[in-house]
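Everything on this sheet refers to the single structure shown next.
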Amino acid sequence: MAAVLTEKHLCDPCYGIEESERQKRYNLPATKPLPTDVEHITASEYLQAHQLAVLNAVDKPAAQYVDKELERFPRTRERLAFEMFELAWEILARGEAPMHEAGFAGCARRDITPERLPEYLKWLEKLIFRCCELRNQVPLPAPRHEQFVFLLSLLLISLRDVGADRYAATVDALKSQWRKADSDRLEDILSELEKAAMTRLNS
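Numbering-wise (the working numbering), the sequence shown opens with residue 14 and increments by one.
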C-alpha cells in the first residue's frame with residue numbers, strides 16, 4: 014500500500030510559531046551534566062574533557078567549568094602538574110611534543126608548594142633537555158621542529174619564573190647542547206624571553 018502523505022495547512026501566524034519551535038529543536042545542543050568531583054579529577058580526565066571540547070561545542074561548558082573550579086583547588090592543580098609531567102615524559106619518549114601536558118604543568122607553577130618545588134624544577138629541566146635533544150634530531154625546516162621550539166620557550170618561562178638560578182644554569186647548558194648549525198635560533202628564543210620578562214616588570 015502506498016504511503017499516504019498528509020498536508021498540514023497553517024495560517025501565517027501559526028506557521029511562524031511552528032517554524033520557530035522547529036529551529037529551536039534543531040539548534041539546541043544536548044545538555045550534558047557538569048563534572049561533580051573536580052577536586053579529584055585526574056590528568057587523563059582533564060585532557061579528555063578539553064579534547065572533547067575542541068571536537069564538540071556541547072562539551073565546552075564542562076571543560077570551562079573544570080578550569081574555573083580548579084581555581085578553588087590549588088593542591089589539585091599541583092597534583093595534576095606532576096601527573097602531566099609523567100604523561101609529557103611518555104610522549105617525549107615517542108619523539109612527540111606534549112603541548113597540552115607540558116603546557117598545563119608549566120602554567121601551574123604558581124600552585125607548587127615550597128616542599129615540592131625542587132621536584133618541580135627537576136621535571137622542568139628534564140623536559141627542557143629532552144626537548145632540545147629531539148629538536149636537534151628534526152631536519153630544518155619542519156613543523157615538528159617549531160613545536161619543540163615553542164615547547165622549550167614555554168618550559169623555560171616556567172623555570173625562570175620559579176627558579177631563576179636554575180634557569181641561568183640551564184641556559185648555559187642548553188647553549189652547549191644546541192645544534193651549532195642554527196645557534197642563532199636559541200639566541201632569538203632567549204632574547205624574546207628577556208623582552209617578555211621586562212615587559213611584565215614594567216607593566
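Ideal Cβ positions, reconstructed from N, Cα and C, are used throughout, including at glycine. All of these numbers come straight from a predicted model, not from anything done at the bench.
Note down, in chain order, each residue of its chain lying with its Cβ closer than 6 Å to the Cβ of residue i, except the 5 sequence neighbours on either side.
| i | result |
| --- | --- |
| LEU134 | GLY176 and ARG179 |
| ARG173 | TYR180 |
| GLU128 | none |
| GLU96 | ALA56 |
Excluding five sequence neighbours on each side, which residues of the same chain lie with their C-beta closer than 7 Å to the C-beta of residue i?
| i | result |
| --- | --- |
| LEU41 | Residue confidence is low: LEU41 scores 46 on pLDDT, short of 50, so the model does not pin down where it sits. Its coordinate-derived value is still stated next. Excluding positions up to five away in sequence, the list is empty. |
| TYR59 | VAL79 and LEU93 |
Report the rounded CA-to-CA distance for residue i versus residue j, giving the unit in angstroms.
| i | j | result |
| --- | --- | --- |
| LEU187 | ILE125 | 25 Å |
| VAL151 | GLY108 | 10 Å |
| GLU159 | ALA101 | 17 Å |
| GLY116 | LEU168 | 8 Å |
| GLU200 | GLU99 | 29 Å |
| ALA94 | SER57 | 12 Å |
| ARG148 | VAL162 | 7 Å |
| LEU183 | ILE141 | In the sequence as displayed, the identity of residue 183 is Thr instead of Leu. Each residue's Cα considered, the two are about 9 Å apart. |
| VAL51 | SER189 | 43 Å |
| TRP191 | LYS139 | 15 Å |
| GLU103 | LYS45 | 32 Å |
| LEU137 | ILE202 | 17 Å |
| GLU205 | SER166 | 9 Å |
| ASP185 | ASN69 | 44 Å |
Considering only C-alpha positions, which residue in the set the options is nearest to residue i?
| i | options | result |
| --- | --- | --- |
| HIS53 | ARG88, HIS63 and PHE117 | ARG88 |
| LYS81 | PRO48, ALA106, GLN61 and GLU96 | PRO48 |
| ALA106 | ARG143, ILE202, TRP191 and ASP50 | ARG143 |
| PHE86 | ALA121, LYS139, LEU130 and GLU138 | ALA121 |
| GLU76 | HIS63, LEU83 and ASN69 | The question names Glu, but residue 76 is Ala in the sequence shown. Among HIS63, LEU83 and ASN69, the Cα nearest to that of ALA76 belongs to HIS63. |
| ARG123 | GLU138, ILE104 and GLU84 | GLU84 |
| CYS145 | ALA110, VAL51, LEU130 and VAL71 | ALA110 |
| ILE170 | ALA118, PRO46 and GLU132 | ALA118 |
| GLU114 | ASP50, VAL51, ASP185 and GLN61 | GLN61 |
If you follow the alpha helix (DSSP H) that residue i is in, where does it begin and where does it stop?
| i | result |
| --- | --- |
| VAL184 | 177-190 |
If I measure Cβ to Cβ from residue i and keep anything under 8 Å in the same chain, skipping five residues before and after, which residues do I get?
| i | result |
| --- | --- |
| MET112 | GLN160, PHE163 and LEU164 |
| LYS73 | ALA66 |
| ARG90 | LEU83, ALA121 and ASP124 |
| LEU130 | VAL175 and GLY176 |
| GLU132 | PHE95 |
At which residue ranges does the segment 68-134 contain complete alpha helix (DSSP H) runs of 4 or more residues, listed in the order of the chain?
-> 73-83, 87-106 and 112-120
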